[in-house]
Amino acid sequence: MLIVKKFGGTSVGNKERIFNVARRCAEEYRKGNDVIVVLSAMGKSTDDLIALAQTINPNPPKRELDMLLTTGEQVSTALMAMAFDTMDVPAVSLNAFQVAMHTTRVHGNARLKRIDTDRIMHELEHRRIVIVTGFQGVNKYDNYTTLGRGGSDTTAVALAAALHADACEIYTDVDGIYTADPRYVPKARKLDEITYDEMLDLATLGSGVLHNRSVEMAKKYGVQLVVRSSLNDHEGTIVKEETNVERMLISGVALDRNTARISVIGLKDQPGMAFKLFNMLARENINVDVILQSIGRENTKDISFTVSRDEADAAVKILESNLSRIGGKSISCNREVAKVSIVGAGMMSNPGVAAKMFEALYNQNININMISTSEIRVTVLIHERDAERAANAVHDAFGLEE
Ligand code: ADP
Ligand code: ASP
Ligand code: MG
Numbered sequence: 074m075l076i077v078k079k080f081g082g083t084s085v086g087n088k089e090r091i092f093n094v095a096r097r098c099a100e101e102y103r104k105g106n107d108v109i110v111v112l113s114a115m116g117k118s119t120d121d122l123i124a125l126a127q128t129i130n131p132n133p134p135k136r137e138l139d140m141l142l143t144t145g146e147q148v149s150t151a152l153m154a155m156a157f158d159t160m161d162v163p164a165v166s167l168n169a170f171q172v173a174m175h176t177t178r179v180h181g182n183a184r185l186k187r188i189d190t191d192r193i194m195h196e197l198e199h200r201r202i203v204i205v206t207g208f209q210g211v212n213k214y215d216n217y218t219t220l221g222r223g224g225s226d227t228t229a230v231a232l233a234a235a236l237h238a239d240a241c242e243i244y245t246d247v248d249g250i251y252t253a254d255p256r257y258v259p260k261a262r263k264l265d266e267i268t269y270d271e272m273l274d275l276a277t278l279g280s281g282v283l284h285n286r287s288v289e290m291a292k293k294y295g296v297q298l299v300v301r302s303s304l305n306d307h308e309g310t311i312v313k314e315e316t317n318v319e320r321m322l323i324s325g326v327a328l329d330r331n332t333a334r335i336s337v338i339g340l341k342d343q344p345g346m347a348f349k350l351f352n353m354l355a356r357e358n359i360n361v362d363v364i365l366q367s368i369g370r371e372n373t374k375d376i377s378f379t380v381s382r383d384e385a386d387a388a389v390k391i392l393e394s395n396l397s398r399i400g401g402k403s404i405s406c407n408r409e410v411a412k413v414s415i416v417g418a419g420m421m422s423n424p425g426v427a428a429k430m431f432e433a434l435y436n437q438n439i440n441i442n443m444i445s446t447s448e449i450r451v452t453v454l455i456h457e458r459d460a461e462r463a464a465n466a467v468h469d470a471f472g473l474e475e
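Residue numbers are given in my numbering: position 222 of the sequence shown equals residue 295, and the series is strictly consecutive.
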């Protein structure tokens with residue numbers, strides 16, 4: 074069997090944890106399996122590197138930031154290889170260049186395009202455990218890129234797909250995927266299974282347990298994922314196309330604080346305004362999420378939308394410099410907002426799900442700023458201070474607890 078095992082930052086956060094991972098992988102190796110280990114940087118070291126960069130330059134060039142951040146994963150993978158060496162288990166660490174993992178050009182949020190498998194296959198044939206740096210790639214200019222925060226999950230799934238692995242296991246600091254983040258929803262319950270589509274929505278809407286692109290890729294290439302704890306042997310959660318369990322109305326609640334609301338006031342009420350506005354942002358690679366347009370009055374209209382908080386400044390800057398061209402009067406930006414979403418395939422055939430969520434928020438006297446829905450999700454934008462109370466209230470209202 075060829076097994077890809079990915080371990081997150083907490084799972085390799087110190088010496089004991091590194092040896093814990095090494096032991097778990099060696100066990101698999103000794104059974105005769107081929108083992109690829111994908112690692113994140115130790116503990117919070119990616120955050121620390123970003124903070125360090127900012128002491129030198131509050132707005133570091135993206136190429137150089139990637140150059141810096143890729144060191145985090147080189148530290149953990151090299152140390153892991155050293156740990157295997159003490160156990161007499163043959164192993165080798167490889168970074169994105171050595172593999173090579175080819176990505177698009179963009180820094181900070183690159184997409185994997187192609188993985189060369191020769192080097193990895195060669196190492197496996199020599200019965201070595203192959204330890205690969207997560208989160209990083211190389212672009213066509215031979216520069217390091219990174220895949221976006223949490224991107225090591227995507228590295229693991231991409232390797233599993235490229236090498237036709239028999240299993241792809243994502244080890245983390247929780248026992249699996251829960252109905253909500255157990256860190257702030259104490260009654261959250263672990264799921265045995267979840268579909269790619271539901272998990273993709275949860276991940277995109279703020280459930281950081283999996284990088285959303287990893288789920289997208291797993292669905293595309295049919296890679297079944299297991300998410301489980303690196304600290305115990307509890308069974309985790311399986312992410313796959315169809316689940317066997319009877320469909321619940323909703324499978325989870327997600328919360329995303331990394332959001333900001335931008336409003337453009339007094340736009341001309343004529344065709345093409347939304348196109349111009351969002352095209353300007355798209356050209357700068359800024360992702361727009363929930364969009365709300367007011368009904369036109371006195372020949373003007375307002376458009377509000379959300380962007381991730383770290384892109385809010387850039388978005389406001391672009392809009393301000395083009396405000397007269399789109400005929401807008403003013404722009405405002407509110408960073409004290411959060412998105413709370415419910416996700417579930419069961420919603421499709423059950424009217425009244427959104428109303429139930431709104432009722433739960435009303436009972437808590439929580440005001441809703443914006444709403445957006447799809448077949449299998451409802452998202453509301455609320456004040457950030459209400460975020461955790463809202464997530465718990467909605468979780469209770471749908472009876473998701475144990
Ligand atoms: P890793 O470093 O292993 O990649 P992450 O911090 O990226 O770990 O992801 C694990 C964390 O995701 C958990 O500690 C948990 O707080 C958070 N999380 C958010 N939503 C969920 C959810 N629905 N189920 C489980 N964990 C979740
Ligand atoms: N180390 C990177 C991060 O902190 C990638 C990852 O953990 O998946 O975002
Ligand atoms: Mg992660």
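Every residue gets a Cβ at the ideal spot worked out from N, C-alpha and C, and that includes glycine.
Any non-hydrogen atom of ligand 3 within 7 Å of residue i CB
i, result
"D226", "yes"
"G81", "yes"
"G116", "no"
"G309", "no"
Residue i Cβ short of 7 Å to ligand 1 heavy atom set
i, result
"P255", "yes"
"S445", "no"
"I250", "yes"
"L112", "no"
"D246", "yes"
"S149", "no"
Three-state secondary structure (DSSP) of residue i
i, result
"I204", "strand"
"Q147", "helix"
"F431", "helix"
"T245", "strand"
"H468", "helix"
"E266", "strand"
"V288", "helix"
"Y251", "strand"
"A154", "helix"
"I439", "coil"
"S324", "coil"
"S303", "coil"
"S166", "strand"
Inter-residue Cα distance where the pair is residue i and residue j
i, j, result
"T190", "F471", "46 Å"
"D306", "G401", "58 Å"
"S414", "R97", "36 Å"
"E393", "R356", "15 Å"
"I109", "L434", "45 Å"
"A173", "M353", "34 Å"
"Q437", "V337", "30 Å"
"M290", "I193", "20 Å"
"M153", "A240", "21 Å"
"V363", "I123", "28 Å"
"P133", "Q127", "7 Å"
"V300", "P344", "47 Å"
"F92", "A156", "6 Å"
"T310", "Y269", "12 Å"
"A183", "P131", "22 Å"
"M115", "T373", "52 Å"
"S303", "S225", "15 Å"
"I441", "L220", "33 Å"
"I449", "G417", "5 Å"
Residue i CB to nearest heavy atom of ligand 2 below 7 Å
i, result
"R222", "yes"
"T144", "no"
DSSP beta-bridge partners of residue i
i, result
"D329", "K412"
"T452", "S414 and S445"
"M174", "I188"
"D161", "BP columns for D161 are empty, so no partner."
Suppose only complete runs of 3+ residues qualify. What are the beta strand (DSSP E) ranges in the segment 332–404, listed by chain order? 333–341, 364–366 and 373–380
Can you give, in chain order, each stretch of the alpha helix (DSSP H) that sits fully within the segment 180–240 and has at least 4 residues? 191–198 and 225–235
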